[in-house]
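Heads up: the sequence shown at position 191 corresponds to 191 in the UniProt record's numbering, and the numbers run straight through without jumps.
Ideal Cβ placement from N, Cα and C applies to all residues, glycine included.
Step one of this worksheet: look at the structure below.
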Amino acid sequence: MAPGHHRRGRRVPEEPRRGDVPAGAGGRGQVERSVSSSVVSGRARWLLLGGFVLAALNLRPALAGLSPLLPAIMEDLGLRPAQGGAITTVMVLCLGLCGPLAPALAARLGLDRTLLVGLLLLAAGIAVRSADGLVALYGGAAMAGTAIAIMNVAMPGLVKQHFPDRVGPLTAVYVSSLVCGAATASAVTVPLAAAAGWRLAAGAGAVFALAAAVLWAPQTFGARARRAGSPGRGRSYRVLLRSRTTWIVMAFMGLQSLTFYIMLAWLPTIFQSAGLSAEEAGYLLGLTNLAQIAATLTVPVHAGRARTQVPHVIVAALLTIIGYLGVLLAPTTVPWLWMIVLGVGQGASIALALLIITLRAPDPASVTALSAVAQSAGYVLAALGPLAVGLLHQRSGGWTAPLLAGLGVCVIQCVVGAVAGRPVPDPRQATGRRDTEDVPDVPDVRPTDRGAR
Numbered sequence: 001m002a003p004g005h006h007r008r009g010r011r012v013p014e015e016p017r018r019g020d021v022p023a024g025a026g027g028r029g030q031v032e033r034s035v036s037s038s039v040v041s042g043r044a045r046w047l048l049l050g051g052f053v054l055a056a057l058n059l060r061p062a063l064a065g066l067s068p069l070l071p072a073i074m075e076d077l078g079l080r081p082a083q084g085g086a087i088t089t090v091m092v093l094c095l096g097l098c099g100p101l102a103p104a105l106a107a108r109l110g111l112d113r114t115l116l117v118g119l120l121l122l123a124a125g126i127a128v129r130s131a132d133g134l135v136a137l138y139g140g141a142a143m144a145g146t147a148i149a150i151m152n153v154a155m156p157g158l159v160k161q162h163f164p165d166r167v168g169p170l171t172a173v174y175v176s177s178l179v180c181g182a183a184t185a186s187a188v189t190v191p192l193a194a195a196a197g198w199r200l201a202a203g204a205g206a207v208f209a210l211a212a213a214v215l216w217a218p219q220t221f222g223a224r225a226r227r228a229g230s231p232g233r234g235r236s237y238r239v240l241l242r243s244r245t246t247w248i249v250m251a252f253m254g255l256q257s258l259t260f261y262i263m264l265a266w267l268p269t270i271f272q273s274a275g276l277s278a279e280e281a282g283y284l285l286g287l288t289n290l291a292q293i294a295a296t297l298t299v300p301v302h303a304g305r306a307r308t309q310v311p312h313v314i315v316a317a318l319l320t321i322i323g324y325l326g327v328l329l330a331p332t333t334v335p336w337l338w339m340i341v342l343g344v345g346q347g348a349s350i351a352l353a354l355l356i357i358t359l360r361a362p363d364p365a366s367v368t369a370l371s372a373v374a375q376s377a378g379y380v381l382a383a384l385g386p387l388a389v390g391l392l393h394q395r396s397g398g399w400t401a402p403l404l405a406g407l408g409v410c411v412i413q414c415v416v417g418a419v420a421g422r423p424v425p426d427p428r429q430a431t432g433r434r435d436t437e438d439v440p441d442v443p444d445v446r447p448t449d450r451g452a453r
């Protein structure tokens with residue numbers, strides 16, 4: 001334990017409450033809990049919650065609203081299919097590669113200001129992406145992807161910072177807002193493009209990102225924001241990656257992201273290959289989104305109160321497996337049922353992955369660090385999944401082999417999730433420490449702290 005951070009008379013309880021691990025050393029968790037309790041009261045509480053929800057709504061429209069516009073973009077700019085697909089690839093790769101920026105920004109600015117930076121960068125990236133020229137198109141896509149990566153990583157830490165005693169419900173609000181934003185963008189982008197052109201439709205999201213930034217800005221002022229950004233005790237990413245918990249959480253996040261993005265990219269094509277129309281395939285994809293919203297609103301609330309999340313992650317994985325099997329064996333027989341089951345399974349899986357990140361780390365700084373590692377690995381893997389499935393389909397000439405491969409990933413997700421869902425009674429076991437000092441489950445990571453061990 002770093003000097004000056006001894007906890008007098010405190011011991012790590014043998015059975016952590018609600019599957020969570022104790023707060024970090026030096027009373028850091030106590031300070032942040034007292035700060036958050038003073039902030040989230042009365043009008044300030046609703047302003048905080050409103051800004052949080054609006055920020056979460058902005059996490060997916062820049063991605064979800066792009067796919068329906070690709071044909072118009074490619075026709076207008078004379079792009080080949082590979083060039084059009086590269087726009088989405090650039091954004092998803094940035095989601096994976098730029099996540100570690102968030103802990104570095106949070107160490108200097110605090111999580112509140114980090115989210116504001118992400119919202120402003122997102123608005124700028126969406127606007128640039130809608131401007132004229134290929135440089136603006138791809139450069140804006142990279143800016144937007146980087147902004148979403150920063151916000152993705154910061155959000156679980158913000159839940160821990162502002163709502164430490166309501167992690168489950170606020171994770172439900174956060175993830176359901178994320179899914180609602182994606183579903184809304186998918187629904188309104190095409191009509192807007194038909195009325196005003198693809199550039200206006202693609203750039204409209206900048207207005208909502210700016211609105212979220214304005215609503216969130218009051219959280220970034222005052223002494224509380226300065227305290228949140230002050231440098232504290234830290235540990236290097238090398239220490240974080242020595243934690244078994246880190247690798248398990250990272251694997252679970254990556255696997256559930258992979259199964260999700262495979263279906264997101266190829267599900268309409270699979271249904272059309274089975275004989276359904278494009279309209280029917282689009283309707284079924286929308287039905288999946290609705291089922292995801294239902295799952296994200298309910299599952300984290302119950303799982304956050306539970307001692308262990310193992311039953312939840314197993315049921316979510318099994319539902320995803322059933323959905324995959326239905327698409328493989330009977331795609332035109334009650335397809336609406338397969339989509340509801342698949343949507344509930346996938347929605348529950350992403351909500352549980354984010355909830356576990358928040359529960360397994362002791363304080364906002366550690367949550368942000370673990371979130372950066374887990375989400376970066378997850379999105380890099382997710383970016384490769386649709387490409388691999390496309391190549392497998394091209395080689396096999398059908399969808400049986402790709403769907404069987406997806407089923408294999410679902411089975412591995414179930415096994416890994418069962419491990420990730422178990423709380424760690426002894427924090428020393430998670431970090432690999434052999435001494436007897438009290439340490440958190442996941443090390444508190446501050447990448448810019450040069451004095452970190």
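Proximity of residue i and residue j at Cβ, strictly below 8 Å
i           : j           : result
residue 381 : residue 243 : no
residue 94  : residue 50  : no
residue 143 : residue 125 : yes
residue 213 : residue 102 : no
residue 160 : residue 308 : no
residue 53  : residue 173 : yes
residue 416 : residue 248 : yes
residue 216 : residue 119 : yes
residue 354 : residue 156 : yes
residue 377 : residue 313 : no
residue 344 : residue 319 : yes
residue 198 : residue 87  : no
residue 210 : residue 201 : no
residue 263 : residue 392 : no
residue 255 : residue 303 : no
residue 292 : residue 281 : no
Buried or exposed by the 16-neighbour rule on C-beta atoms within 10 Å, applied to residue i
i           : result
residue 189 : buried
residue 239 : buried
residue 112 : buried
residue 208 : buried
residue 84  : buried
residue 196 : exposed
residue 32  : With a pLDDT of 42 at residue 32, under the threshold of 50, the predicted position of this residue should be treated as unreliable, and no value is reported.
residue 394 : exposed
residue 81  : exposed
residue 305 : exposed
residue 230 : Bear in mind that the predicted position of residue 230 carries a pLDDT of just 41, short of 50, making it unreliable; the figure below should be weighed with that in mind. Answer is exposed; the Cβ neighbour count stays below 16.
residue 336 : exposed
residue 334 : exposed
residue 360 : buried
residue 44  : exposed
Chain B within 8 Å of residue i, Cβ atoms only
i           : result
residue 261 : No chain B is part of this structure, which consists of one protein chain only.
Host alpha helix (DSSP H) of residue i (start-end)
i           : result
residue 273 : 244-273
residue 192 : 167-196
residue 70  : 70-77
residue 208 : 205-216
residue 276 : Counting along the chain, residue 276 falls outside any alpha helix (DSSP H), and DSSP gives it neither H nor E.
residue 395 : 364-396
residue 456 : Since the first residue shown for the chain is 1 and the last is 453, residue 456 is missing from the structure and cannot be characterised.
The ligand COA heavy atom lying under 7 Å from the CB of residue i
i           : result
residue 163 : Although the ligand COA was asked about, the structure shown includes no ligands whatsoever.
Taking the runs of the alpha helix (DSSP H) that are 4 residues or longer, which of them lie wholly in the segment 98-163? DSSP assignment within the segment 98-163 yields the following whole alpha helix (DSSP H) runs of 4 residues or more, N-terminal first: 101-109, 111-129, 134-162.
Cβ pair count under 8 Å reaching 3, the segment 132-143 against the segment 358-367: Verdict: no, contact absent.
Check whether the segment 394-410 and the segment 179-194 are in contact - that is, three or more C-beta pairs closer than 8 Å. No: fewer than three Cβ pairs fall under 8 Å.
Does the segment 325-335 come close enough to the segment 369-376 that 3 or more CB-CB pairs lie under 8 Å? The answer is no - the segment 325-335 does not touch the segment 369-376, with fewer than three Cβ pairs under 8 Å.
The segment 377-391 contacting the segment 277-296, beta-carbon criterion three pairs below 8 Å: As far as the Cβ criterion goes, the segment 377-391 does not touch the segment 277-296, which means the pair count is below three.
Suppose only complete runs of 4+ residues qualify. What are the alpha helix (DSSP H) ranges in the segment 300-337, listed by chain order? Counting only runs of 4 or more, we get 310-329.
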